[in-house]
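Student:
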DNA sequence: TCCATAATTGGAACTGGTTCCAGTATAACA
DNA sequence: TGTTATACTGGAACCAGTTCCAATTATGGA
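Chains as they are written, first to last, in the numbering used here: chain W, 2 to 338; chain G, 2 to 338.
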């Protein structure tokens with residue numbers, strides 16, 4: 002059986018409180034006593050129990066993260082930022098991966114309730130109003146990353162502006178027939194992902210502003226993934242009057258578009274321009290034109306907001322917008338009208 | 002203040018034990034009593050405290066994972082397998098990301114000690130013998146994934162065989178001048194990564210078996226990463242007698258090789274064959290020939306071993322080898338002698 | 001030398017669950 | 001009707017820390 006603080010106290014011939022003070026580097030212990038206690042700790046190979054400690058303190062020194070599809074490169078990069086920021090603050094990171102709507106709902110309900118963590122980060126999932134209420138009722142500090150909900154703090158980008166930026170760029174290159182490939186609406190609804198929807202909005206706005214009527218048959222939606230995007234894009238590119246440019250709501254989907262182009266022997270960018278979103282790691286490798294967002298930083302900043310909120314739960318609600326940037330690479334080009 | 006089990010007991014007019022039994026679905030409660038308690042629980046919005054629960058049970062219902070560079074696609078995929086397997090067992094996953102040798106050592110020392118978790122999975126890092134001892138002393142069940150250490154259970158592949166498989170394939174295609182790109186030895190040493198080293202061994206063995214003397218100048222090592230591999234490969238390909246085929250110790254590095262070939266206007270596979278390792282997601286997209294290993298499954302199997310060990314810590318040491326498989330795609334071809 | 005103050009120290013009470021034993025009510029049966 | 005087995009129920013003891021108050025010892029100054 003592992004030694005407890007009482008064993009240490011007994012063997013060292015001191016009181017419980019003294020051992021606790023030694024463990025916690027309290028200055029209220031004489032040098033001699035501290036040394037004696039430390040010796041006994043080493044002798045008994047005593048390790049304070051984190052659980053007991055958490056219990057007594059009422060803190061877990063842990064932050065939970067709910068992330069959908071945490072293998073998606075963009076999510077991974079955010080998680081990395083989160084982990085880095087937490088580790089430097091002495092917090093551990095518990096990760097809940099969500100791959101089904103049912104699990105999304107369960108996690109959103111149970112994780113805050115379980116009091117496993119002192120704070121919660123939610124990535125890319127926007128809680129519904131009633132879920133927000135339930136969250137607030139638990140009193141657990143929450144910060145959203147890449148998602149927005151009324152009365153919850155968060156770190157996001159302006160996805161509508163991102164969609165506009167991408168589309169305007171294509172328009173500026175002379176494209177008029179511009180297609181969009183994004184997440185399945187129903188799917189996005191059940192998870193309540195919002196980014197693809199907002200990017201689509203931005204896309205439509207840009208078209209309208211340029212006097213180009215958005216065409217329904219140029220907008221396709223499917224499960225998020227390279228393969229699905231490939232199928233959608235192939236379909237789109239086989240229209241009798243196919244788009245000359247495609248805007249994909251994520252780089253992953255843009256990769257599917259590139260595959261579709263390859264399938265159909267369409268040269269990119271000569272016959273088809275492609276623009277993605279996120280600027281994930283492979284985008285550079287592929288020479289993919291895309292909208293860059295600061296994924297790692299979004300994690301870092303989310304943690305910062307969360308820690309602030311944990312320190313002072315009644316602090317005013319902060320919401321941070323990270324910048325986006327067009328990264329022009331080799332999958333887009335100017336066309337003659 | 003949140004309600005406690007005592008509040009519920011008082012309001013419901015029952016004993017502590019009864020409430021506990023209701024919470025834990027014990028059959029030893031009459032229907033009427035159960036209902037009354039459940040009503041009070043709902044009324045008070047009572048949520049059992051996980052911490053107190055853990056404390057009383059002496060279990061955290063949590064498993065910790067130490068992973069190096071958890072943004073590497075191969076690591077992410079293993080983590081996904083781990084998370085999936087844990088979630089179905091009701092365990093939460095705490096992740097520690099290691100990106101420096103110092104943090105590696107800290108994590109390996111502190112995580113088991115802190116008793117934050119009921120079990121520990123270590124990915125790709127092989128503990129040194131003295132670290133193994135320290136681990137065993139804590140009594141925490143440990144399973145290694147993609148790593149090997151004496152007297153610790155683990156899930157791995159045979160990396161030497163993988164290196165041989167890749168190299169023999171290139172030899173069978175007629176290549177005689179075969180280069181190798183792998184992790185920096187010093188770097189691998191300080192983290193104690195072993196896979197790249199073992200794949201190199203397999204490579205050398207295959208060459209020797211085929212009567213091809215391994216050449217030192219055909220073996221390059223650098224920090225793990227696409228960019229570093231690109232530089233190494235460019236260097237290698239500019240030798241006066243360059244290799245006709247390159248074996249990269251990972252798909253990420255193989256991507257760097259492909260970039261290098263592009264830099265030097267070498268057509269792949271016509272002028273250069275490239276083979277990678279892991280079969281990560283993008284490998285298929287790139288048409289990269291590679292050695293496939295079952296990453297997701299390695300996480301799942303690791304969890305299974307761990308749970309078994311947690312249930313019975315004195316169970317005999319199990320070590321599992323997952324199969325590997327050559328996936329021939331478009332970056333390799335037969336050459337004339 | 002004595003007293004006030006500061007520096008240490010000890011340990012009871014507390015955190016919120018689980019467990020298990022003892023006690024009570026109820027049902028079944030002779 | 002009494003006896004006994006069975007079904008429930010209550011709550012003390014326990015888990016291993018932290019905190020804080022009271023007690024003790026040391027220090028400094030008059």
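Glycine is no exception: its CB is placed at the ideal position from the N, C-alpha and C atoms.
Would you list, in chain order, the members of the segment 266-292 of chain W that have their beta-carbon closer than 7 Å to a beta-carbon of chain G?
Tutor: Listed by position along the chain: 283, 286.
Student: Going by beta carbon distance, what residues of the same chain come within less than 8 Å of residue 323(G), once the five residues before and after it are set aside?
Tutor: 156, 157, 158, 294, 295, 298, 299, 302
Student: Which residue spans inside the segment 88-164 of chain W form an unbroken alpha helix (DSSP H) run of at least 4?
Tutor: 102-115, 130-139
Student: When the Cα of residue 199(G) is compared with those of 214(G), 333(G), 181(G), which residue comes out closest?
Tutor: Its Cα nearest to that of residue 199(G), the residue 181(G) stands out among 214(G), 333(G), 181(G).
Student: Residue range of the alpha helix (DSSP H) that residue 206(G) falls in?
Tutor: 196-210
Student: Going along the chain, which residues of its own chain have a beta-carbon closer than 6 Å to the beta-carbon of residue 262(W), five neighbours each way excluded?
Tutor: 269, 273
Student: Just the Cα atoms here: how many angstroms apart are residue 237(G) and residue 259(G)?
Tutor: Their backbone Cα atoms lie some 13 Å apart in a straight line.
Student: Would you kindly work out how many angstroms separate the C-alpha atoms of residue 12(W) and residue 41(W), rounded to a whole number?
Tutor: 7 Å
Student: Residue 145(W) to residue 319(W), Cα distance in whole Å?
Tutor: 11 Å
Student: Does any C-beta atom of chain W lie closer than 8 Å to the C-beta of residue 256(G)?
Tutor: yes
Student: In whole angstroms, give me the CA-to-CA distance for residue 133(W) and residue 308(G).
Tutor: 35 Å
Student: Compare the C-beta of residue 315(G) with all C-beta atoms of chain W and state if any pair is closer than 8 Å.
Tutor: no
Student: Cβ of residue 17(W) less than 8 Å from any chain G Cβ?
Tutor: no
Student: By the 10 Å Cβ neighbour count, where 16 or more other Cβ atoms means buried, how is residue 9(G) classified, buried or exposed?
Tutor: buried
Student: Kindly indicate the opening and closing residues of the beta strand (DSSP E) around residue 34(G).
Tutor: No beta strand (DSSP E) holds residue 34(G); the alpha helix (DSSP H) holding it covers 32-45.
Student: List the residues of chain W that residue 115(G) touches, going by C-beta distances under 7 Å, in chain order.
Tutor: 51
Student: Taking only beta carbons into account, state which residues of the segment 93-109 of chain G come closer than 7 Å to chain W, listed in chain order.
Tutor: 93, 94, 95, 96, 98
Student: Check residue 269(G) in the structure and name its three-state DSSP category.
Tutor: Here residue 269(G) sits in coil by DSSP.
Student: Among the residues of its own chain, which have a CB less than 7 Å from the CB of residue 106(W), if the five just before and after it don't count?
Tutor: none
Student: According to DSSP, simplified to helix, strand and coil, what is residue 172(G)?
Tutor: Residue state, collapsed to three classes: helix.
Student: Determine the contact status of residue 163(G) and residue 278(G), defining contact as a CB-CB distance below 8 Å.
Tutor: In contact: residue 163(G) and residue 278(G) (Cβ atoms closer than 8 Å).
Student: Compare the C-beta of residue 55(G) with all C-beta atoms of chain W and state if any pair is closer than 8 Å.
Tutor: Cβ-Cβ to chain W under 8 Å: yes for residue 55(G).
Student: Taking the alpha carbon of residue 81(G) as the point to measure from, which residue in 166(G), 168(G), 124(G), 249(G) has its own alpha carbon closest?
Tutor: 124(G)
Student: From 210(W), 311(W), 271(W), 29(W), pick the residue whose C-alpha is nearest to that of residue 168(W); which is it?
Tutor: 210(W)
Student: Label residue 160(W) either buried or exposed according to how many other C-beta atoms from any shown protein chain fall within 10 Å of its C-beta, with 16 as the threshold for buried.
Tutor: buried
Student: Restricting to Cα atoms, I'd like to know which of 286(W), 171(W), 85(W) is closest to residue 245(W).
Tutor: 171(W)
Student: Which whole-angstrom value describes the C-beta separation of residue 116(G) and residue 51(W), a residue pair presumed to lie in contact below a C-beta threshold of 8 Å?
Tutor: 5 Å
Student: Take residue 223(G) as the anchor and find which of 43(G), 65(G), 184(G) has the nearest alpha-carbon.
Tutor: 184(G)
Student: Scan the segment 136-154 of chain W for residues whose Cβ lies nearer than 9 Å to a Cβ of chain G and list them as they occur along the chain.
Tutor: Residues passing the 9 Å Cβ filter: 138, 139, 140.
Student: Please confirm whether residue 195(W) has its beta-carbon closer than 8 Å to some beta-carbon of chain G.
Tutor: no
Student: Taking Cβ-Cβ distances below 9 Å as the criterion, which residues of the segment 226-244 of chain G are in contact with chain W?
Tutor: 227
Student: Spatial neighbours of residue 129(G) within its chain, please: C-beta separation below 6 Å, excluding the five flanking residues on both sides.
Tutor: If we look at residue 129(G) and ignore the five residues flanking it on each side, it has no Cβ neighbours.
Student: Against residue 77(W), what residues of chain G qualify as contacts under a CB-to-CB distance less than 7 Å, listed in chain order?
Tutor: 72, 77
Student: When you compare only the Cα positions, how much space is there between residue 22(W) and residue 6(W)?
Tutor: 11 Å
Student: Is the closest heavy atom of the ligand NAP to the C-beta of residue 182(G) under 7 Å?
Tutor: Here there are no bound small molecules, and the ligand NAP is not part of this structure.
Student: Got a sec: is the Cβ-Cβ distance from residue 81(G) to anything in chain W below 8 Å?
Tutor: yes
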